[in-house]
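*Asks:*
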Amino acid sequence: MSKGTPSFGKHNKVLHETCKRCGHHAYNMKQKVCVKCGYGKSKRILNLAWRWAKPTGKGNRKK
Numbered sequence: 000m001s002k003g004t005p006s007f008g009k010h011n012k013v014l015h016e017t018c019k020r021c022g023h024h025a026y027n028m029k030q031k032v033c034v035k036c037g038y039g040k041s042k043r044i045l046n047l048a049w050r051w052a053k054p055t056g057k058g059n060r061k062k
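Under numbering that gives the first Met the number 0, the first residue of the sequence shown is numbered 0, with each subsequent residue one higher.
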């Protein structure tokens, strides 16, 4: 079986729908959790800005 166009015809399952809280198309219907804001998992809105924040100080910086 090829990897190209014929294989994409099998991609017909819908995993995500629109989230009630943030409005993004990121609410996983199987896991009942929004990937974008964390609705269904936490009461607070998910904030992942710390992952991409630049480190401050002198020690252990990523190069």
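All C-beta atoms in this analysis are idealised placements derived from N, C-alpha and C, irrespective of residue type, glycine included. Please read all numbers here as calculations on a predicted model, not as lab measurements.
Quickly, what does DSSP pair N27 with across the bridge? List them, please.
*Replies:* H15 and V32
*Asks:* Cβ of R50 within 8 Å of Cβ of Y38?
*Replies:* Cβ atoms of R50 and Y38: not closer than 8 Å.
*Asks:* Measure the alpha-carbon distance for E16 versus K42 and round it to whole angstroms.
*Replies:* 19 Å
*Asks:* Output yes or no for whether 8 Å exceeds the beta carbon distance between A25 and K12.
*Replies:* no
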